[in-house]
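In the numbering used here, the protein residues as written are 34 to 262.
Take a look at the structure below.
Structure, rendered in structure tokens:
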């Protein structure tokens, strides 16, 4: 927003090109501090995926938003989203990402410190989640309903679950084709081995000798006056 118009259009074109293939899962990042109506990412995603059926919504900077929530009711209302409709529904630990067809976002907070080592980064992610969770508990939010949406690790686990399912669905047809090719190749190999066995030089020589011997035997009988020939 407010940037160079040419650069903005280039970025939009790149995003559309990347999210257009229907086999791809779209991760739509939005800031928790921006109201739903003013979000920039979702309208772009909706152009390609109107029902958000293959889109995962992720609200970042939740630590800044949770400070503004004054009660359990306001927390529950915000966490419920804005009744965006979607059909991607998957259960993790018995909880659904989109119950009753309503697309629910994940809410994540990430460390602001830079230069963290991998182990430190993971610890900071955990601490960010615990801070958010503690503030929500103080507000008495509906833990049974909204806890599966809170935290980076849950968003990651859900995405990994979706990708694993898509991978398995994509691999099975390929495995069936490969199995068919293997069986066909095995049958062809058996036929080739049979042809090779039939053209063995030793067997051919033995068959020729047998034929010549039989032919001579028939000629001899004919010369003797037999009508066997």
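Glycine residues also receive a C-beta, built at the ideal position from the N, C-alpha and C atoms.
Since the model is a prediction, treat every value here as computed from it, not as a measurement.
Taking C-beta separations shorter than 7 Å and ignoring five residues to either side along the sequence, the partners of residue 96 in its chain run 142, 161, 164, 165, following chain order. When the Cα atoms are used, residue 186 and residue 93 turn out to be separated by approximately 13 Å. Note on residue 169: 16 or more other CB atoms within 10 angstroms of its CB, so buried under the neighbour-count rule. The same chain holds no residue with a CB closer than 6 Å to that of residue 202 once the five nearest residues on each side in sequence are set aside. Contact between the stretch 72 to 80 and the stretch 136 to 154 is not established, with fewer than three Cβ pairs separated by less than 8 Å. By the neighbour-count definition (other C-beta atoms within 10 Å, threshold 16), residue 100 is an exposed residue. Contact check between the stretch 81 to 93 and the stretch 178 to 192: three or more CB pairs, one atom from each, fall below 8 Å, which counts as touching.
Residue pairing of residue 62 in beta bridges, as defined by DSSP: 91. For residue 257, no alpha helix (DSSP H) run applies, since DSSP gives it neither H nor E. The straight-line gap separating the alpha-carbon atoms of residue 254 and residue 235 is approximately 29 Å. For residue 243, the secondary structure class from DSSP, reduced to helix, strand or coil, is helix. Closest by C-alpha distance to residue 198, out of 216, 41, 57, is 57. Shown here, residue 154 sits in a helix according to DSSP, grouped into three states. The three-state reading of DSSP puts residue 174 in coil, since its state is none of H, G, I, E or B. Residue pairing for residue 183: DSSP places it in a beta bridge opposite 140.
Collapsing the DSSP output to three states places residue 83 in coil. If you look at residue 46, you'll find it in the alpha helix (DSSP H) that goes 38 to 52. Rounded to whole angstroms, residue 67 and residue 204 show a C-alpha spacing of 40 Å.
Annotated as proximal: residue 108 and residue 172, with beta-carbon spacing under 8 Å. The shortest CA-to-CA distance from residue 175 to any of 111, 226, 144 is the one to 111.
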